[in-house]
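S.K.: This is the structure I have questions about; it appears just below.
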Amino acid sequence: MADRPEDNQHTLSRQVLELFVAGLFILLSLVVMSDNWRIGARWASDGPEAGYFPFYIGLIMLVASTITFLVNLRRTPALAETFVERAPLMQVLWVFIPTAVFVAAISVAGIYVASTLFIAFFMVVLGRYPIWKAIPIAVLVPVVLFMMFEVWFLVPLPKGPLEAALGY
Amino acid sequence: MNRSRIAAAAAALLVTGLAGATSAVAWEPTKAVEFIVPAGTGGGADQMARVLQGIIQKHELMKQPLVVINKAGGAGAEGFLDMKGSAGNPHKIVITLSNLFTTPLATGVPFKWDEMTPVAMLALDEFVLWVNAKSPYKTAKEYVDAVKDGGAAKFQMGGTGSKQEDQIITAAIEQQTGAKFTYVPYKGGGDVAAQLVGGHVTSSVNNPIEAVSQWRGGELRPLCVFDNQRIPLKEPVADGKSWNDIPTCKESGLDIEYLMLRGIFMPAKATADQVSFYVELFKKVRATPDWQDFMAKGAFNTTFLAGEEYRAWVAKEADRHRALMEKAGFLAK
Amino acid sequence: MDALFSLIHGFGVLADPMNIVYMFVGIFLGVLIGVLPGLGGANGVAILLPLTFSMSPTSAIIMLSSIYWGALFGGAITSILFNIPGEPWSVATTFDGYPLAQQGRAGEALAAAFTGSFLGAFFSTLLLTFLAPLVAKFALQFGPPEFFAVYLLTFCAFVGMGKEPAYKVIAAMMLGFALAAVGLDTVTGQLRMTFGSTELLRGFDFLVAVIGLFGVGEILLTMEEGLAFKGRSARIDLRVVLKVWKDMPKYAWTALRGAIVGAWMGITPGGATPASFMSYGLAKRFSKNGHKFGTGEVEGVIAPETAAHSAGTAALLPMLTLGIPGSPTAAVLLGGLLIWGLQPGPLLFVEQKDFVWGLIASIYLGNIAGLIVVLSTVPLFAAILRIPFSIIAPIILVICAVGAYTVHNALLDIAVMLVFGVLGYLFKKLQYPLAPLVLALVLGDMAESSFRQAMLVSQGSLSVFWSNPLVGSIVTLALLMLVWPLLSAAMASLKRGTPRVASGE
Numbered sequence: 692m693a694d695r696p697e698d699n700q701h702t703l704s705r706q707v708l709e710l711f712v713a714g715l716f717i718l719l720s721l722v723v724m725s726d727n728w729r730i731g732a733r734w735a736s737d738g739p740e741a742g743y744f745p746f747y748i749g750l751i752m753l754v755a756s757t758i759t760f761l762v763n764l765r766r767t768p769a770l771a772e773t774f775v776e777r778a779p780l781m782q783v784l785w786v787f788i789p790t791a792v793f794v795a796a797i798s799v800a801g802i803y804v805a806s807t808l809f810i811a812f813f814m815v816v817l818g819r820y821p822i823w824k825a826i827p828i829a830v831l832v833p834v835v836l837f838m839m840f841e842v843w844f845l846v847p848l849p850k851g852p853l854e855a856a857l858g859y
Numbered sequence: 014m015n016r017s018r019i020a021a022a023a024a025a026l027l028v029t030g031l032a033g034a035t036s037a038v039a040w041e042p043t044k045a046v047e048f049i050v051p052a053g054t055g056g057g058a059d060q061m062a063r064v065l066q067g068i069i070q071k072h073e074l075m076k077q078p079l080v081v082i083n084k085a086g087g088a089g090a091e092g093f094l095d096m097k098g099s100a101g102n103p104h105k106i107v108i109t110l111s112n113l114f115t116t117p118l119a120t121g122v123p124f125k126w127d128e129m130t131p132v133a134m135l136a137l138d139e140f141v142l143w144v145n146a147k148s149p150y151k152t153a154k155e156y157v158d159a160v161k162d163g164g165a166a167k168f169q170m171g172g173t174g175s176k177q178e179d180q181i182i183t184a185a186i187e188q189q190t191g192a193k194f195t196y197v198p199y200k201g202g203g204d205v206a207a208q209l210v211g212g213h214v215t216s217s218v219n220n221p222i223e224a225v226s227q228w229r230g231g232e233l234r235p236l237c238v239f240d241n242q243r244i245p246l247k248e249p250v251a252d253g254k255s256w257n258d259i260p261t262c263k264e265s266g267l268d269i270e271y272l273m274l275r276g277i278f279m280p281a282k283a284t285a286d287q288v289s290f291y292v293e294l295f296k297k298v299r300a301t302p303d304w305q306d307f308m309a310k311g312a313f314n315t316t317f318l319a320g321e322e323y324r325a326w327v328a329k330e331a332d333r334h335r336a337l338m339e340k341a342g343f344l345a346k
Numbered sequence: 061m062d063a064l065f066s067l068i069h070g071f072g073v074l075a076d077p078m079n080i081v082y083m084f085v086g087i088f089l090g091v092l093i094g095v096l097p098g099l100g101g102a103n104g105v106a107i108l109l110p111l112t113f114s115m116s117p118t119s120a121i122i123m124l125s126s127i128y129w130g131a132l133f134g135g136a137i138t139s140i141l142f143n144i145p146g147e148p149w150s151v152a153t154t155f156d157g158y159p160l161a162q163q164g165r166a167g168e169a170l171a172a173a174f175t176g177s178f179l180g181a182f183f184s185t186l187l188l189t190f191l192a193p194l195v196a197k198f199a200l201q202f203g204p205p206e207f208f209a210v211y212l213l214t215f216c217a218f219v220g221m222g223k224e225p226a227y228k229v230i231a232a233m234m235l236g237f238a239l240a241a242v243g244l245d246t247v248t249g250q251l252r253m254t255f256g257s258t259e260l261l262r263g264f265d266f267l268v269a270v271i272g273l274f275g276v277g278e279i280l281l282t283m284e285e286g287l288a289f290k291g292r293s294a295r296i297d298l299r300v301v302l303k304v305w306k307d308m309p310k311y312a313w314t315a316l317r318g319a320i321v322g323a324w325m326g327i328t329p330g331g332a333t334p335a336s337f338m339s340y341g342l343a344k345r346f347s348k349n350g351h352k353f354g355t356g357e358v359e360g361v362i363a364p365e366t367a368a369h370s371a372g373t374a375a376l377l378p379m380l381t382l383g384i385p386g387s388p389t390a391a392v393l394l395g396g397l398l399i400w401g402l403q404p405g406p407l408l409f410v411e412q413k414d415f416v417w418g419l420i421a422s423i424y425l426g427n428i429a430g431l432i433v434v435l436s437t438v439p440l441f442a443a444i445l446r447i448p449f450s451i452i453a454p455i456i457l458v459i460c461a462v463g464a465y466t467v468h469n470a471l472l473d474i475a476v477m478l479v480f481g482v483l484g485y486l487f488k489k490l491q492y493p494l495a496p497l498v499l500a501l502v503l504g505d506m507a508e509s510s511f512r513q514a515m516l517v518s519q520g521s522l523s524v525f526w527s528n529p530l531v532g533s534i535v536t537l538a539l540l541m542l543v544w545p546l547l548s549a550a551m552a553s554l555k556r557g558t559p560r561v562a563s564g565e
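Residue numbers (the working numbering), protein chains in the order written: chain A, 692 to 859; chain C, 14 to 346; chain R, 61 to 565.
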């Protein structure tokens, strides 16, 4: 699958990513600096004010990432390289998107139900296991977690309608 | 064995039957009760919550488990906001410390005590003025006079957190006497006591339980207690002296009274039945020897209040905190 | 001699077979807690504290401290196998432990970690047995300036490492500091960078960030390379342990240094996490193989593990003698002592001989028992790597989510973890180093508040950092560490007789 030519297409160059991340840093440092200037970033008579350190941290971050940004503006051969080939990127997204859905599902269905679905999905779709192999594992893991956290250690984890129906 | 168990079960049935007769629809938790601690693990409120959990578990005072959860973020604001957002949930209670009043005032985070349902006051925590035993000061007056002469450069008051109870007391002393301290905030009461022993600050207003071991070890000296009467415990603690031998600050000419609430609240919209379940629960806890022991160890003021009395007390205390903090300039801008 | 008799008496207390049972139960639970990220030693002990009210104080503390030993041992397991630190103090263990596992040497890394842990604990226990009162006095010397000096030393021992571009190192570190500052400022009680959001009140927890950056980030990276963990061919029999033991003498200095650093940080109390970073940084700097650190050196596993475990054990000392907890877990244990009616402090050693010496004896036994328990599980844990990736990966992600949630019982933290996961993936690929970020995140807050406390006391004068020999020498040492790479380069070039200025990488 990976050796089909269209799978190795150019996605994003390294340079774009470098500039993107350095840009994020710059943006963040501006936010940090502005908020800490607001609460006071001077050296008062009894030492630094609340915003003093964070302000200068922001400033150093601004300088460092601006330099990184400028350095990466010039296109060198290393920078022109593809950041990640199309096939591996797809692989990463195949994990990342379900994980993001899983995280979102936790707040609705609770962590136990969400985990069951997530593990089953992962095994069946990505691992190509038959469903009858995936189901026991997908059910067992959350059950073990449930016993350990809710029953044994008395640590409540996020729960959904199913647990509520069962009286938890 | 078997027969006695049946007898016990029958007795239990009878008792619940009788109880049922008196209050027909008595409420009881139907699932685990979350016990929010608006402070980190290991602190005073956390300790008390875990003692309560232990006692309730040991004496089987509740059928469902009590689960302690720390929500310490933003000086406890996180815990209180969680309570505010749980209106109508009877399976959640919170233990408070003074940050119930101070946090919203100092940080501007939007919550107020009356957005919860007061359940009961369990105890009040005393505050004592401590100095290092090597220092020459024997009374609060001597010490305060020395601070007046020496000024903030020479005298530091160590305390827990910023714009919270310790700093409020410090500010109150300053307002009343004109003395000036440098207030140094630390993470926890134990740290403060150790810093005082090490001579890195010159005094503290630690709770009894935080400093008692250093007192017994001959490292710290109590000067006065910020209450309107002496602590009634007369058993010798250190050096032949008891808690009762510590004068009140008023006796030493420092007319300041401050006690910290250790009380229980439920979320808003709790029914009378639900509140009375918890009131009864904590009454049972108070009757156990374990609890009494714990109270004596920490030299707590064991006043118990519930219902309207408690609500009125909290309301009064909230106003007092606002006044104290306003005067000290601690209100959020 | 006195101490020896007391210790023998202590072992007598342990002779009660129930105490031994509690010890093993504690260790087992502790390892479990240590393995699960988010469920730290402090939580574990706090959660189980109420269970112990019906036991005698001696049995109770034996069980609870055994949980603590177990958690200290267990923290290394997930760090090495999956790059997910189970506990804050095992972050530094991932730096070399995970590469070792990728090379199929997970068994070796685990055995080295456990052995190192044991040696560190043993060192501190000896200290606790024979020098407790003396050492307690030393701890009292530490005020705000001294604390700041220690944090500074940790930073200085650690920076200047790695081959990443300097500006990226700086940016990553500053990001860590900035994240650490979010939330309530402890010194003034002001809210910083919360932008009116109640979710930001609690700030960014170190563990949530680390689970995302390391754990989730690593899984994304692994996906890029195909559906498999490297290092599946790990040798999984107990002979690995013997091999590691045979090599131990080579690492004697590193282990001893780690143990000393750990004991110092545990007593003062700086804590196990800074200790592990400092020890790793020092080992990297002073070891012959320092330049190979980060690529899978057994020594790079031993250094942080000895220090972490030594600090964890030494943290009990200020707790027992002064009533100051040396770590969050010790703080919870301290609460336990109060509940059982024991008053920690100078008199505890006099009034509660049975308790104190029973506890100290149990540390010896607990750590030996712990070592046996964890070493015998090395094959089991190494075998986890043989589970196919598409089964273990979702389970790891689920456990990461559980871990991130339990830190603060906050749903948003799971999402934050995922964001950190993406960051971890991008940073790894773009050569932003994660270690300085993490170090800054864990120490930034503490360093800042002790600096500002020191400034309050000194009325804003920086001279306080040279005001006494103790703080002065730590600060000077820290600054020396900072310029050490330059110094050593200069010395090297002098030796070669070519006075060339060392150029950056």
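Glycine residues also receive a C-beta, built at the ideal position from the N, C-alpha and C atoms.
Please list the partners that Thr91/C has in chain R, where partner means a Cβ-to-Cβ separation under 7 Å.
M.R.: Locating residue 91/C in the second sequence gives position 78, where the first residue counts as 1. A small correction: the amino acid at residue 91/C is Glu; Thr does not occupy that position in the sequence shown. The answer, in chain order, is Leu261 and Arg262.
S.K.: For Ser216/C, which residues does DSSP report across the bridge?
M.R.: Counting from 1 along the second sequence, the entry for residue 216/C is found at position 203. Bridge partners of Ser216/C: Val144/C and Met170/C.
S.K.: Could you please give the first and the last residue of the uninterrupted beta strand (DSSP E) stretch that includes Arg765/A?
M.R.: Taking the first residue of the first sequence as position 1, residue 765/A is located at position 74. Here Arg765/A belongs to no beta strand (DSSP E), and DSSP marks it neither H nor E.
S.K.: Can you pull the chain R residues whose beta carbon is under 7 Å from the beta carbon of Ala791/A, in chain order?
M.R.: On the first sequence, residue 791/A is found 100 positions in, with the first residue counted as 1. The answer, in chain order, is Leu478.
S.K.: Using only alpha-carbon positions, find the residue among Gly203/R, Gly135/R, Leu537/R and Gly130/R that is nearest to Pro97/R.
M.R.: For the purposes of this step, residue 97/R is taken as the residue at position 37 of the third sequence. Comparing Cα positions, the closest option is Gly135/R.
S.K.: Between Asp726/A and chain C, is any beta-carbon pair separated by less than 9 Å?
M.R.: Stepping through the first sequence from its first residue, residue 726/A is reached at position 35. Answer no: the Cβ-Cβ gap between Asp726/A and chain C never drops below 9 Å.
S.K.: With a threshold of 16 other CB atoms inside 10 Å of the CB of Ala771/A, please say whether the residue is buried or exposed.
M.R.: Residue 771/A sits at position 80 when you count from the first residue of the first sequence. Exposed, because fewer than 16 other Cβ atoms sit within 10 Å of the Cβ of Ala771/A.
S.K.: Return helix, strand or coil for Leu141/R, following the three-state DSSP convention.
M.R.: The residue labelled residue 141/R in the question sits at position 81 within the third sequence. Helix.
S.K.: Kindly identify the DSSP beta-bridge partner or partners of Glu264/C.
M.R.: Numbered from its first residue, the second sequence carries residue 264/C at position 251. Paired residues: none, contrary to the question.
S.K.: Pro847/A versus chain C: which residues are under 8 Å apart at the beta carbon?
M.R.: Here the question's residue 847/A lines up with position 156 in the first sequence. Those within 8 Å of Pro847/A in chain C are Ala45, Glu47, Val80 and Ile82.
S.K.: In this structure, what does DSSP give as the bridge partners for Ala251/C?
M.R.: In the second sequence, residue 251/C corresponds to position 238, counting from 1. According to DSSP, which records beta bridges pairwise, Ala251/C is partnered with Lys254/C.
S.K.: Under 9 Å between C-beta atoms, does Thr195/C make it to chain A?
M.R.: Here residue 195/C is taken as the residue at index 182 of the second sequence, counted from 1. Closer than 9 Å to some Cβ of chain A, the Cβ of Thr195/C qualifies, so yes.
S.K.: Please classify Thr79/R as buried or exposed, where buried requires at least 16 other C-beta atoms within 10 Å of its C-beta.
M.R.: Counted from its first residue, the third sequence places residue 79/R at position 19. Note that residue 79/R is Asn in the sequence shown here, rather than Thr. Asn79/R comes out buried.
S.K.: Check whether the region 528-539 of chain R and the region 212-220 of chain R touch, using three or more Cβ-Cβ pairs below 8 Å as the test.
M.R.: Touching, yes, given that three or more Cβ pairs across the two stretches are closer than 8 Å.
S.K.: From what residue to what residue does the beta strand (DSSP E) around Leu135/C run?
M.R.: Here residue 135/C refers to the residue found at position 122 when the second sequence is read from its first residue. Taken as a continuous stretch (DSSP letters only), the beta strand (DSSP E) holding Leu135/C covers Met129 to Asp138.
S.K.: On a Cα-Cα basis, can you pick out the residue from Val543/R, Gln519/R, Ser533/R and Ala550/R that is closest to Asp737/A?
M.R.: Here the question's residue 737/A lines up with position 46 in the first sequence. Selected option, being the one with the closest Cα: Gln519/R.
S.K.: With three or more beta-carbon pairs closer than 8 Å as the criterion, would you say the region 357-375 of chain R touches the region 183-202 of chain C?
M.R.: Too few Cβ pairs lie closer than 8 Å, so no.
S.K.: Measure how close the beta-carbons of Gly383/R and Gly203/C come, nearest whole angstrom, since I'm counting them as under 8 Å.
M.R.: The residue given as residue 383/R occupies position 323 in the third sequence. The residue given as residue 203/C occupies position 190 in the second sequence. Sure, about 6 Å apart at Cβ, within 8 Å.
S.K.: Please confirm whether Leu708/A has its beta-carbon closer than 9 Å to some beta-carbon of chain R.
M.R.: Residue numbering aside, residue 708/A sits at position 17 when the first sequence is read from its first letter. It does; some Cβ of chain R falls within 9 Å.
S.K.: State yes or no: is the beta carbon of Tyr199/C nearer than 9 Å to at least one beta carbon in chain R?
M.R.: Counting from 1 along the second sequence, the entry for residue 199/C is found at position 186. Closer than 9 Å to some Cβ of chain R, the Cβ of Tyr199/C qualifies, so yes.
S.K.: Taking Cβ to Cβ, would you say Gly86/R is nearer than 9 Å to Ile122/R?
M.R.: As a working note, residue 86/R is residue 26 in the third sequence. As a working note, residue 122/R is residue 62 in the third sequence. Contact flag set, yes.
S.K.: Give the range of the beta strand (DSSP E) segment to which Gly276/C is assigned.
M.R.: By 1-based counting over the second sequence, the position of residue 276/C is 263. Met273 to Pro280 is the span of the beta strand (DSSP E), which, as asked, contains Gly276/C.
S.K.: Out of curiosity, what's the CA-to-CA distance linking Ala319/R and Gln163/R?
M.R.: Counting from one through the third sequence, the residue named residue 319/R turns up at place 259. Counting from one through the third sequence, the residue named residue 163/R turns up at place 103. About 27 Å.
S.K.: Apart from the five residues just before and just after Gly266/C, which ones in its own chain have a Cβ nearer than 7 Å to its Cβ?
M.R.: Your numbering for residue 266/C matches position 253 in the second sequence. So the list reads Lys154, once near-sequence residues are dropped.
S.K.: How big is the Cα-Cα spacing for Phe716/A and Lys228/R?
M.R.: Taking the first residue of the first sequence as position 1, residue 716/A is located at position 25. Taking the first residue of the third sequence as position 1, residue 228/R is located at position 168. Using only the alpha carbons, I get a separation of about 10 Å.
S.K.: Hey, quick one: how far does the alpha helix (DSSP H) through Asn83/C stretch, first residue to last?
M.R.: Indexing the second sequence from 1 puts residue 83/C at position 70. Here Asn83/C belongs to no alpha helix (DSSP H); instead the beta strand (DSSP E) covers Leu79 to Asn83.
S.K.: With a threshold of 9 Å between beta carbons, is Arg777/A in contact with chain R?
M.R.: Start at 1 with the first residue of the first sequence, and residue 777/A comes out as number 86. No, because no Cβ of chain R sits closer than 9 Å to the Cβ of Arg777/A.
S.K.: Quick test of the definition: if touching needs 3 or more C-beta pairs under 8 Å, does the region 250-258 of chain C touch the region 275-283 of chain C?
M.R.: The answer is no - the region 275-283 of chain C does not touch the region 250-258 of chain C, with fewer than three Cβ pairs under 8 Å.
S.K.: For Arg299/C, which option in Gln180/C, Gln66/C, Glu330/C and Ala39/C has the closest C-alpha, if you only look at C-alpha atoms?
M.R.: Mapped onto the second sequence, residue 299/C falls at position 286. Nearest C-alpha to Arg299/C: Gln66/C.
S.K.: Work out the CA separation of Asp505/R and Pro404/R for me, nearest whole Å.
M.R.: Position 344 of the third sequence, counting from 1, holds the residue named residue 404/R. Position 445 of the third sequence, counting from 1, holds the residue named residue 505/R. Whole-angstrom Cα-Cα distance: 28 Å.
S.K.: Taking Leu170/R and Ala391/R to be in contact with their CB atoms under 8 Å, please state how far apart those CB atoms are, rounded to whole angstroms.
M.R.: Counting from 1 along the third sequence, the entry for residue 170/R is found at position 110. Counting from 1 along the third sequence, the entry for residue 391/R is found at position 331. About 29 Å separates the two Cβ atoms, so there is no contact after all.
S.K.: Alpha carbon to alpha carbon, how far is Trp313/R from Lys348/R? Give it in angstroms, no decimals.
M.R.: Locating residue 348/R in the third sequence gives position 288, where the first residue counts as 1. Locating residue 313/R in the third sequence gives position 253, where the first residue counts as 1. Distance between the alpha carbons of Lys348/R and Trp313/R is about 11 Å.
S.K.: Under 9 Å between C-beta atoms, does Val458/R make it to chain A?
M.R.: Position 398 of the third sequence, counted from the first residue, corresponds to residue 458/R. So, interface residue.
S.K.: For Thr35/C, is the classification buried or exposed, using 16 other Cβ atoms within 10 angstroms of its Cβ as the cut-off for buried?
M.R.: Numbered from 1 along the second sequence, position 22 holds the residue referred to as residue 35/C. Reliability of the predicted coordinates at Thr35/C is poor, the pLDDT of 45 falling under 50, and no value is obtained from them.
S.K.: Enumerated in chain order, which unbroken segments of the alpha helix (DSSP H) with a length of 4 residues or greater are wholly contained in the region 173-204 of chain C?
M.R.: As far as the region 173-204 of chain C is concerned, its whole alpha helix (DSSP H) runs of at least 4 residues are 178-190.
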